[in-house]
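A quick write-up on the structure given underneath.
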Amino acid sequence: MAVAIDLSGKRGVIFGVANQRSIAWAISERLIEAGAELAFTYLNDRLRGPVEKTVSALDDPLLIECDATDDGDVQSVYDQIGEKWGTIDFVVHSVAYAERDDLGGDFSTTGRQGFRTALETSAYTLMPVVSRAVPLMPDGGAALTMTFDASQRVYPGYNIMGTAKAALENEVRQLAAEFGERNIRVNAISAGPLPTLAARSIPGFRDMTRAHRDRSPLKRNITHQEVGNTALFLLSEMSSGITGAIIPVDAGYGIIAL
Ligand SMILES: NC(=O)c1ccc[n+]([C@@H]2O[C@H](COP(=O)([O-])OP(=O)(O)OC[C@H]3O[C@@H](n4cnc5c(N)ncnc54)[C@H](O)[C@@H]3O)[C@@H](O)[C@H]2O)c1
């Protein structure tokens, strides 16, 4: 008998929808299908329109502006959600940014400021996004972030984002250890390449996609939906024994050496 994951009555906050191709939106669609109620943050005024359009089929969802590098913004998100809902069950962090000049070229020439920007936006922000959600999760909950194999192996062009993903994955383990006693689980999905706004700024993204398709055991690229499905599992009680894990959704590419 098929067992469906039911998230009715569950609520969560999604950081990182920019448009319909955002991984955060693919995850959201799956969570909504499973019955969850969601609130969304958007980076700035410029993205409000595209995000409103993306979520337009939903019935008056909560949309809150938030630059995740601003702790006051993150706190204000949770204050507003606390007022409206009282508690939440999960949070999705699907946020990354690096200066275009720091993607591609020689890694060793990455500037100090570019390093700070990439690490602060793509790695540090997981800490306030998770820790400030904790008071809204008195009975436990789940957090999920998005990473990439470049945390472990070198992908030409990905440069400083590889460093940021390595830091992010380490945070996943440390946050999982810290909040485990409160029954708050913290995990990451390491996704294969997907065409999104952020991916477009990575030089060599097409080569990356081709290599994954040609060399992965499944001999194809992954889909947005496959990430959404795994996210649904990781944010539900079906994964109650999993925390601090980096789960690959990569068609198996990560196991192949040659
Ligand atoms: N697309 C891929 O191939 C791929 C593969 C593995 C992992 N990822 C990761 O998935 C996550 C989502 O990226 P995506 O590919 O869906 O692209 P995307 O551009 O749709 O999403 C990135 C999001 O980060 C947000 N963001 C950037 N700076 C921010 C800030 N200061 N505060 C708040 N939000 C901010 C953007 O507004 C955007 O919504 C990223 O962490 C990315 O590294 C992507």
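Each residue of the sequence shown is one higher than the one before, starting from 1 at the first, in my numbering. Using N, Cα and C, we set each Cβ at its ideal position, and we do this for glycine too.
Whole-angstrom distance between residue j and residue i, CA atom to CA atom
i, j, result
"Arg333", "Thr163", "Because residue 333 is not part of the residues shown, which for the chain are 1 to 258, the question remains open."
"Gly254", "Glu83", "43 Å"
"Pro128", "Asp71", "7 Å"
"Lys10", "Glu99", "36 Å"
"Phe15", "Ile27", "11 Å"
"Val74", "Gly104", "31 Å"
"His212", "Glu237", "31 Å"
"Pro217", "Gly252", "6 Å"
"Phe266", "Ile222", "Outside the displayed range of the chain (1 to 258) lies residue 266, so it cannot be described from this structure."
"Leu258", "Lys219", "14 Å"
"Arg132", "Tyr78", "7 Å"
"Leu62", "Tyr97", "24 Å"
"Gly180", "Leu136", "15 Å"
Closer than 7 Å: residue i CB and nearest ligand 1 heavy atom
i, result
"Pro128", "no"
"Phe15", "yes"
"Tyr158", "no"
"Thr117", "no"
"Leu43", "yes"
"Leu175", "no"
"Phe107", "no"
"Met137", "no"
"Met193", "At residue 193 the sequence reads Pro, which differs from the Met that was named. Checking the Cβ of Pro193 against ligand 1 gives yes."
"Val95", "yes"
"Leu197", "yes"
"Ile23", "yes"
"Leu47", "yes"
"Pro170", "Looking at the sequence provided, one finds Asn at residue 170 rather than Pro. Checking the Cβ of Asn170 against ligand 1 gives no."
"Thr121", "yes"
"Ala211", "no"
"Asn19", "yes"
Per-residue DSSP class, three states only, for residue i
i, result
"Val91", "strand"
"Gly141", "strand"
"Ile32", "helix"
"Ala188", "strand"
"Arg153", "coil"
"Glu99", "coil"
"Tyr42", "strand"
"Ile5", "coil"
"Arg200", "helix"
"Gly12", "strand"
Status (buried if at least 16 other CB within 10 Å, exposed otherwise) for residue i
i, result
"Asn170", "exposed"
"Ile256", "exposed"
"Leu197", "exposed"
"Gly86", "exposed"
"Val13", "buried"
"Pro193", "buried"
"Arg30", "buried"
"Val186", "buried"
"Pro138", "exposed"
Proximity test, residue i beta-carbon vs ligand 2 heavy atom, cut-off 7 Å
i, result
"Ala68", "Absence of ligand 2 is noted for the structure shown, with ligand 1 being the only ligands found."
Exercise. If we count Cβ pairs, one from each stretch, closer than 8 Å, do we get three or more for the segment 132-152 versus the segment 171-186?
Worked result: yes
For this session: Taking 8 Å as the threshold, find out whether the segment 155-162 comes into contact with the segment 227-237 through three or more Cβ pairs.
Result: no
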